[in-house]
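J.: Numbering (this note's numbering), first residue to last: 87 to 363. C-beta atoms are modelled at their ideal positions from N, C-alpha and C, and glycine is treated no differently. These figures come from a predicted structure and were not determined experimentally. I am attaching a structure below and will ask some questions about it afterwards.
Dropping the structure here:
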C-alpha cells in the first residue's frame, strides 16, 4: 500500500505500552489506588472517553471501584462527564504545555523544525526519549506534508522509527537492552525490525553515518530520515526527522539530499543548545 499524498491512517502510532512498565526498578511500596487512577486515565485517552461499565470490564475492576475513581478525578477537574461517558479534561493541556516549555530542546528547536518543514515541504518532527519511548515535542507541516495522525506527546516505540533509532544509536548499549526488554520489538509492518542483532547492526551504521532511516517500518508507504541531536557532553538530547511518502522519499533525495538537510539542522540545534542562555 502506498501512502496517500494527503492522508495516512494512524495504525496505533501513539498507543502507549502497558501502563505499569518500569524501566529500571519497580517501586518498593506501590500505591495501588494511584496506579489504578492512571490506568483509568490511560483507558479514557485510548478510547476517546468511556462509560463506567466499559472501563470496568476492560480493566478488570468492579464498577464501584471505577465509579469512585472517576468521581474523585471529576471532583479534581481531571475528567469531565458528558451524558454517561467520561473523558479527560483540558486541565491536562496545561501540564503538557508547561512541561514542554521547560524542555530546552523544544524551545530552541521549534523554529528550526518550522524552517526545515518550509524548506522541504514535508512533515518535520522533533523528539526526545523518556521512559524508553520516543516522545514527540514538536511537528511542523510543509506545503506538501502528509496528514499523519500524530501530535506532540505521542510516544511510539524507539526501535521502528527513524527518530527512535537515531536516539537509540547514541544511548549506552545496556540502556538499549533494558529498553528492548521493557517494551519489546513489536512488528508494525512487514518492514519492521524485530531482531536485536539486526537492530544493533543498524545502530552501528547510524553512528557511523550520522543519520537514521525508516523504510516503511512504522507505517506502510511512509519513509523518514532522522539525525541525532547531541549535547556538549556527548549525550543524546533527541532527534529531528523529515517524513514523507515513499513516492517522494526515494533515490538521491532520500539517500543524500534530505540526510544532509537533517544533519545540518541537527548541528545548528546542537550549537544553540551548547551556547545559548
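Tell me the residue span of the beta strand (DSSP E) that contains residue 166.
T.: Looking up residue 166 in the chain shown gives position 80. Start and end: 165-168.
J.: Check whether the segment 326-335 and the segment 210-220 are in contact - that is, three or more C-beta pairs closer than 8 Å.
T.: The answer is yes - the segment 210-220 touches the segment 326-335, with three or more Cβ pairs under 8 Å.
J.: Under a Cβ-count criterion, where at least 16 other Cβ atoms within 10 Å of its own Cβ denotes burial, should residue 234 be classed as buried or exposed?
T.: Position 148 of the chain shown, counted from the start, is the residue given in the question as residue 234. Flag for residue 234 reads buried.
J.: Count the other CB atoms within 10 Å of the CB of residue 181; is the residue buried (16 or more) or exposed (fewer)?
T.: Taking the chain shown and counting its residues from 1, the one referred to as residue 181 is at position 95. Counting Cβ neighbours within 10 Å, residue 181 comes out exposed, since fewer than 16 surround it.
J.: Comparing alpha-carbon positions, which option in 202, 237, 232, 241 lies nearest residue 333?
T.: As a first step, residue 333 must be located in the chain shown, where it is residue number 247. Comparing Cα positions, the closest option is 232.
J.: If you check the beta carbons only, do residue 262 and residue 226 fall under 8 Å apart?
T.: By one-based count along the chain shown, residue 262 stands at place 176. By one-based count along the chain shown, residue 226 stands at place 140. No, they are not a contact pair.
J.: So, residue 255 versus residue 313, is the Cβ gap smaller than 8 Å?
T.: Translated into the one-based positions of the chain shown, residue 255 becomes position 169. Translated into the one-based positions of the chain shown, residue 313 becomes position 227. Against a cut-off of 8 Å, the Cβ pair of residue 313 and residue 255 comes out as no contact.
J.: Taking DSSP as the reference, what is the three-state secondary structure of residue 346?
T.: Position 260 of the chain shown, counted from the start, is the residue given in the question as residue 346. Residue 346 falls in the helix class under three-state DSSP.
J.: So, residue 298 versus residue 251, is the Cβ gap smaller than 8 Å?
T.: As a position in the chain shown, residue 298 is number 212, starting the count at 1. As a position in the chain shown, residue 251 is number 165, starting the count at 1. The answer is yes: Cβ separation under 8 Å.
J.: Going by alpha carbons, who is nearest to residue 284 out of 319, 260, 246, 183?
T.: Translated into the one-based positions of the chain shown, residue 284 becomes position 198. If we check each option's Cα against that of residue 284, 246 comes out closest.
J.: Quick check: what's the CA-CA separation for residue 330 versus residue 155?
T.: For the purposes of this step, residue 330 is taken as the residue at position 244 of the chain shown. For the purposes of this step, residue 155 is taken as the residue at position 69 of the chain shown. Roughly 42 Å between the two C-alpha positions.
J.: Closest to residue 275 by CA distance: which of 305, 269, 287, 286 is it?
T.: By 1-based counting over the chain shown, the position of residue 275 is 189. That would be 305, whose Cα lies nearest to the Cα of residue 275.
J.: Residue range of the beta strand (DSSP E) that residue 151 falls in?
T.: Residue numbering aside, residue 151 sits at position 65 when the chain shown is read from its first letter. Looking at the DSSP string, residue 151 is not in any beta strand (DSSP E); the run it does join, the alpha helix (DSSP H), is 149-161.
J.: In the DSSP assignment, find the beta strand (DSSP E) that holds residue 279 and state where it starts and stops.
T.: Counted from its first residue, the chain shown places residue 279 at position 193. Run containing residue 279: none; DSSP gives neither H nor E here.
J.: With DSSP as the reference, identify every bridge partner of residue 214, one or two as the case may be.
T.: Numbered from 1 along the chain shown, position 128 holds the residue referred to as residue 214. Note: residue 214 sits in a beta bridge opposite 221.
J.: Could you name the residues of the same chain whose beta carbon sits closer than 6 Å to that of residue 76, not counting the 5 residues immediately before and after it, in chain order?
T.: Given a span of 87 to 363 for the chain in the structure shown, any question on residue 76 remains unanswerable.
J.: Can you have a look at residue 136 and say buried or exposed, based on whether 16 or more other CB atoms are within 10 angstroms of its CB?
T.: In the chain shown, counting from the first residue as 1, residue 136 sits at position 50. Answer is buried; the Cβ neighbour count reaches 16.
J.: Using the rule of at least 16 other Cβ atoms within 10 Å of the residue's Cβ for burial, across every protein chain shown, is residue 300 buried or exposed?
T.: Counting from 1 along the chain shown, the entry for residue 300 is found at position 214. The residue in question, residue 300, is buried, as its Cβ has 16 or more Cβ neighbours within 10 Å.
J.: Cβ of residue 311 within 8 Å of Cβ of residue 344?
T.: Taking the first residue of the chain shown as 1, we reach residue 311 at position 225. Taking the first residue of the chain shown as 1, we reach residue 344 at position 258. For residue 311 and residue 344, yes; Cβs fall inside 8 Å.
J.: Suppose you measure from the CA of residue 281 to the CA of residue 271; what does that come to, to the nearest Å?
T.: Position 195 of the chain shown, counted from the start, is the residue given in the question as residue 281. Position 185 of the chain shown, counted from the start, is the residue given in the question as residue 271. Taking the straight line joining both Cα atoms gives about 8 Å.
J.: Residue 318: which of 291, 296, 350, 358 sits nearest, CA to CA?
T.: Taking the chain shown and counting its residues from 1, the one referred to as residue 318 is at position 232. Measuring from the Cα of residue 318, the nearest candidate turns out to be 358.
J.: Could you give the first and the last residue of the continuous alpha helix (DSSP H) run that contains residue 199?
T.: Numbered from 1 along the chain shown, position 113 holds the residue referred to as residue 199. Taken as a continuous stretch (DSSP letters only), the alpha helix (DSSP H) holding residue 199 covers 190-206.
J.: Three-state secondary structure (DSSP) at residue 260?
T.: The residue labelled residue 260 in the question sits at position 174 within the chain shown. Note: residue 260 maps to helix in three-state DSSP.
J.: Given residue 278, which residues of its chain have a CB within under 6 Å of its CB, disregarding the five upstream and five downstream residues?
T.: The residue labelled residue 278 in the question sits at position 192 within the chain shown. Excluding sequence neighbours, residue 278 sits near 246, 303.
J.: Tell me the rounded alpha-carbon separation between residue 123 and residue 219.
T.: By one-based count along the chain shown, residue 123 stands at place 37. By one-based count along the chain shown, residue 219 stands at place 133. If I take the Cα positions, the gap works out to 22 Å.
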